[in-house]
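>
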Amino acid sequence: MFDLPDEINYVLDKLYESGFEAYLVGGAVRDMLMQKPAHDYDVTTSANPDETKRVFSSHRVVETGIKHGTVTVIVNGTPVEITSFRRESAYSDGRHPDAVSFSKDVEDDLCRRDLTVNAIAYSKQKGCVDLFGGISDIENRIIRCVGSPEERFAEDHLRLLRAMRFSSVLGFAVEEKTKEAVHENRKFILTVSFERVFSELCKLLCGINAKEVLHEYSDVIFLLIPELAVQKGCEREYGDGKYDLYEHTVNCISYTEPLLHLRLAALLHDTVKPSGATETDTLRIRDTVAANVLSRLRCSAALADTVCRIIKYCDEQINGDDKVSVKRFASKVGIKTAKDVIKLKRADILAQDPRYYSRLSDLNAAYDVICEAEENGVALNVRDLAVNGRDIISLGVKSGPAVGELLRYALDGVISDNVGNEREPLLEYVRAHIKVK
Ligand code: ATP
Ligand code: MG
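So the sequence shown is numbered by our numbering: it starts at 176 and just counts up by one.
Right, here's the structure in full:
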């Protein structure tokens with residue numbers, strides 16, 4: 176017996192009382208069986224969409240995916256997605272079923288699902304309907320296709336990436352036949368829209384098993400991001416040792432927090448042009464390469480920008496002993512980027528030979544300097560100064576670029592502790608500078 180939110184119980188009960196079968200299905204059942212909090216609840220029912228609309232005629236009902244049999248019912252302000260049992264016919268394009276037909280049988284609906292762990296239905300009346308051994312696969316921590324992996328991947332090519340994603344997120348091993356089929360059918364992933372691919376890839380990257388999955392399925396990853404393929408076998412020299420650049424990338428990811436922008440930055444921080452590039456070229460262009468990859472993958476502009484800024488600045492020398500230079504750096508790139516850059520640099524070092532670990536203390540010190548500046552509200556931007564452009568003009572400066580320059584001079588004075596961030600001392604500090612000039 177699962178403890179479900181009131182609105183889900185209400186929907187399931189109401190459908191049942193109206194003479195239909197109704198189950199919770201998919202991720203929520205899987206997560207609850209794993210004693211994890213569920214986040215989205217999918218309801219599946221023998222009622223067809225028109226019947227569902229009639230059952231909930233006293234509620235607001237939105238036709239969110241009517242073609243696929245999904246309607247959303249608003250219960251006490253909470254949206255609940257209800258999908259009619261579906262049976263899918265052939266998939267001639269490997270992306271969409273040729274036709275969707277509704278069914279009265281929950282078995283049909285479970286058959287069309289991707290993985291055994293995602294194909295368990297639950298209702299109060301019937302308990303768990305587990306036709307493909309999903310519960311035992313959860314217990315044994317296994318990702319396995321429902322039915323023949325070859326067929327399932329041929330129907331919908333995205334599923335091979337979904338198998339990888341769930342292996343990473345749940346930390347489950349992929350069953351041998353499913354694994355083989357992922358490798359064998361990998362080229363079909365290129366027929367799927369990059370939007371769908373990117374959404375799965377992002378979840379994969381933030382999973383607890385990301386390292387293992389990126390390692391095992393590098394062949395799939397390289398098809399999606401050829402810029403990483405050139406890392407394979409590209410050995411970097413470090414002291415007496417060498418390491419493979421792709422291994423380094425994967426390790427670097429595993430040393431970052433599971434936050435998407437950091438993981439993407441780690442994934443792309445050492446990308447090289449597929450045509451190959453010299454070491455100096457590589458350093459200079461890698462934020463551009465990363466931007467190309469992210470745009471191709473249809474990443475949002477805001478996220479791509481965040482990621483590329485981290486990559487762009489991760490080659491800057493940061494000296495934790497020199498508080499002023501650290502604050503200058505944070506002032507130049509912004510506090511958030513500065514912290515993320517340090518996190519990426521830390522992961523980058525941890526992914527190298529342990530003899531370089533000594534550099535970590537420097538980065539930790541720099542991180543502390545930035546946190547301290549943030550907590551104490553230290554001015555790191557001209558906007559934070561106790562004087563503004565008008566104050567500078569009142570000193571007799573003509574409005575124009577000179578005003579901005581003087582504000583930046585004042586800011587640098589504050590950052591380097593030459594003057595406090597107070598109006599009068601700052602004006603005096605600027606006045607003295609103007610005189611000398
Ligand atoms: P998450 O916790 O990421 O939301 P989820 O299992 O709910 O996990 P969704 O992508 O939201 O995953 O999909 C909901 C359910 O729909 C899955 O559990 C699965 O049963 C089914 N499903 C989703 N995508 C596919 C697909 N491409 N092929 C077959 N079944 C799918
Ligand atoms: Mg879901």
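Every residue gets a Cβ at the ideal spot worked out from N, C-alpha and C, and that includes glycine. None of the values given here were measured: they were computed from a predicted structure.
Tell me, to the nearest whole angstrom, how far the beta carbon of Glu375 is from that of Leu333; I am working on the premise that it is less than 8 Å.
As a position in the sequence shown, residue 375 is number 200, starting the count at 1. As a position in the sequence shown, residue 333 is number 158, starting the count at 1. That belief holds up - the Cβ atoms of Glu375 and Leu333 are roughly 7 Å apart, short of 8 Å.
> Apart from the five residues just before and just after Val357, which ones in its own chain have a Cβ nearer than 8 Å to its Cβ?
The sequence position of residue 357 within the sequence shown is 182, counting from 1. The residues are Pro324, Phe328, Leu335, Ala338, Met339, Val349, Tyr392 and Val395.
> Closest to Glu547 by CA distance: which of Asn384, Val344 and Ile510 is it?
For the purposes of this step, residue 547 is taken as the residue at position 372 of the sequence shown. Comparing Cα-Cα distances from Glu547 to each of Asn384, Val344 and Ile510, the minimum goes to Ile510.
> Any chance you could list the alpha helix (DSSP H) runs of at least 4 consecutive residues sitting entirely within the region 238-322, in chain order?
Runs found: 281-286 and 309-314.
> Is Pro449 helix, strand or coil when you go by DSSP?
Residue mapping note: residue 449 aligns to position 274 of the sequence shown, counting from 1. Residue confidence is low: Pro449 scores 46 on pLDDT, short of 50, so the model does not pin down where it sits. Its coordinate-derived value is still stated next. Three-state DSSP puts Pro449 in coil, outside helix and strand.
> List the residues that DSSP assigns as beta-bridge partners of Lys573.
As a first step, residue 573 must be located in the sequence shown, where it is residue number 398. According to DSSP, Lys573 bridges with nothing at all.
> Measuring CB to CB, does Val186 end up less than 9 Å from Ala296?
Reading the sequence shown from its first residue, position 11 is the one you call residue 186. Reading the sequence shown from its first residue, position 121 is the one you call residue 296. For Val186 and Ala296, no; Cβs fall outside 9 Å.
> Are the beta-carbon atoms of Thr245 and Glu263 separated by less than 9 Å?
Taking the sequence shown and counting its residues from 1, one reaches residue 245 at position 70. Taking the sequence shown and counting its residues from 1, one reaches residue 263 at position 88. It is not a contact, given that the beta carbons lie outside the stated cut-off.
> Below 8 Å, is the gap between the Cβ of Ala203 and the nearest heavy atom of the ligand ATP?
Residue 203 sits at position 28 when you count from the first residue of the sequence shown. Ala203 Cβ: within cutoff of the ligand ATP.
> Is it the case that the region 597-610 contacts the region 568-588, given that we only count it when at least three CB pairs across the two stretches are under 8 Å?
With the cut-off at 8 Å, the region 568-588 and the region 597-610 touch.
> To which residues of the same chain is Ile383 closer than 6 Å at the C-beta, ignoring the five residues directly before and after it?
As a first step, residue 383 is located in the sequence shown; it is residue number 208 there, counting from the start. Only Gly346 meet the Cβ criterion.
> May I ask you to check if the CB of Asp445 is nearer than 8 Å to at least one heavy atom of the ligand MG?
Reading the sequence shown from its first residue, position 270 is the one you call residue 445. The answer is no for Asp445.
> Which stretch, first to last residue, makes up the alpha helix (DSSP H) that contains Tyr191?
Along the sequence shown, one-based indexing puts residue 191 at 16. Run containing Tyr191: Asp181 to Glu192, per the alpha helix (DSSP H) assignment.
> To the nearest angstrom, how far is the alpha carbon of Asp515 from that of Pro401?
Here the question's residue 515 lines up with position 340 in the sequence shown. Here the question's residue 401 lines up with position 226 in the sequence shown. If I take the Cα positions, the gap works out to 26 Å.
> Roughly how many whole angstroms lie between the Cα atoms of Pro180 and Leu555?
As a first step, residue 180 must be located in the sequence shown, where it is residue number 5. As a first step, residue 555 must be located in the sequence shown, where it is residue number 380. Pro180 and Leu555: Cα-Cα distance of roughly 46 Å.
> Quick check on the DSSP output: the beta strand (DSSP E) that includes Val218 runs from which residue to which?
By one-based count along the sequence shown, residue 218 stands at place 43. That run of the beta strand (DSSP E) goes Asp217 to Thr220.
> Taking contact to mean 3 or more Cβ pairs, one atom from each stretch, closer than 8 Å, check whether the region 182-200 and the region 222-231 are in contact.
Yes: at least three Cβ pairs fall under 8 Å.
> How far does the beta strand (DSSP E) with Leu199 in it reach, from first residue to last?
Translated into positions along the sequence shown, residue 199 becomes position 24. That run of the beta strand (DSSP E) goes Ala197 to Val200.
> Suppose only complete runs of 4+ residues qualify. What are the alpha helix (DSSP H) ranges in the region 534-567, listed by chain order?
Entirely contained in the region 534-567, the alpha helix (DSSP H) runs reaching 4 residues are, in chain order, 534-550.
> Would you list, in sequence order, the uninterrupted beta strand (DSSP E) runs of no fewer than 3 residues that lie entirely inside the region 376-452?
The qualifying runs are 410-413 and 416-419.
> Compare the C-alpha of Asp543 against each of Pro272, Asn494, Asp284 and Glu422 and name the closest.
Position 368 of the sequence shown, counting from 1, holds the residue named residue 543. Here the closest residue by C-alpha is Asn494.
> Closest to Ala479 by CA distance: which of Ser506, Ala404, His444 and Phe504 is it?
The residue given as residue 479 occupies position 304 in the sequence shown. If we check each option's Cα against that of Ala479, His444 comes out closest.
> What does DSSP give as the partner residue(s) for Val349 in the beta ladder?
For the purposes of this step, residue 349 is taken as residue 174 along the sequence shown, with counting starting at 1. DSSP, once it has assigned bridges, lists Ile318 as partnering Val349.
> Would you mind giving the Cβ-Cβ distance between Asn513 and Ala505, rounded to the nearest angstrom? I have them listed as a contact below 8 Å.
Stepping through the sequence shown from its first residue, residue 513 is reached at position 338. Stepping through the sequence shown from its first residue, residue 505 is reached at position 330. The sequence shown places Ala at residue 513, not Asn. Indeed, because the Cβ distance is near 4 Å, the residues count as touching under 8 Å.
> Does any heavy atom of the ligand ATP sit closer than 8 Å to the C-beta of Arg151?
Lying outside 176 to 612, the shown extent of the chain, residue 151 is not represented and no answer is given.
> DSSP on Arg235, reduced to helix/strand/coil?
For this step, residue 235 is matched to residue 60 along the sequence shown. If DSSP states are grouped into helix, strand and coil, Arg235 belongs with the strands.
> Is there contact here, the region 422-431 with the region 465-477, by at least three beta-carbon pairs under 8 Å?
Flag = no, the region 422-431 and the region 465-477 do not touch.
> Residues in the same chain with beta-carbon distance under 7 Å from Leu437, minus the five sequence neighbours each way, listed in chain order, please.
In the sequence shown, residue 437 corresponds to position 262, counting from 1. Only Thr431, Asp515, Lys518 and Leu519 meet the Cβ criterion.
> Once the 5 residues before and after Gly408 are set aside, which same chain residues still bring their CB inside 7 Å of it?
Stepping through the sequence shown from its first residue, residue 408 is reached at position 233. Taken in chain order, the residues that qualify are Asp419.
> Report the residue ranges of all alpha helix (DSSP H) runs contained in full by the region 464-507; include only those spanning at least 4 residues, in chain order.
If we require 4 residues or more, the alpha helix (DSSP H) runs fully inside the region 464-507 come out as 476-488.
> By Cβ distance below 7 Å, which residues in the same chain neighbour Ala561 in space, the five residues on each side in sequence not counted?
Within the sequence shown, residue 561 is the residue found at index 386, counting from 1. Around Ala561: Asn596, Glu597, Arg598 and Leu601.
> With respect to 8 Å, is the separation between the Cβ of Asp289 and the closest non-hydrogen atom of the ligand MG below this value?
Walking along the sequence shown from the start, residue 289 turns up at place 114. Not so, every heavy atom of the ligand MG lies at least 8 Å from the Cβ.
> Taking buried to mean at least 16 other C-beta atoms within 10 Å of its own C-beta, is Leu672 buried or exposed?
Because the chain in this structure spans residues 176 to 612, residue 672 falls outside the shown range and cannot be described.
> Using a 10 Å radius around the Cβ and a threshold of 16 neighbouring Cβ atoms, would you call Ser450 buried or exposed?
Locating residue 450 in the sequence shown gives position 275, counting from the first residue. Residue placement at Ser450 cannot be trusted, given a pLDDT of 49 that sits under 50; what the coordinates show is reported in the next sentence. Ser450 should be labelled exposed.
> Taking all protein chains shown into account, decide if Lys498 is buried (16 or more other Cβ within 10 angstroms of its Cβ) or exposed.
Position 323 of the sequence shown holds residue 498. With 16 or more Cβ atoms within 10 Å of its Cβ, Lys498 is classed as buried.
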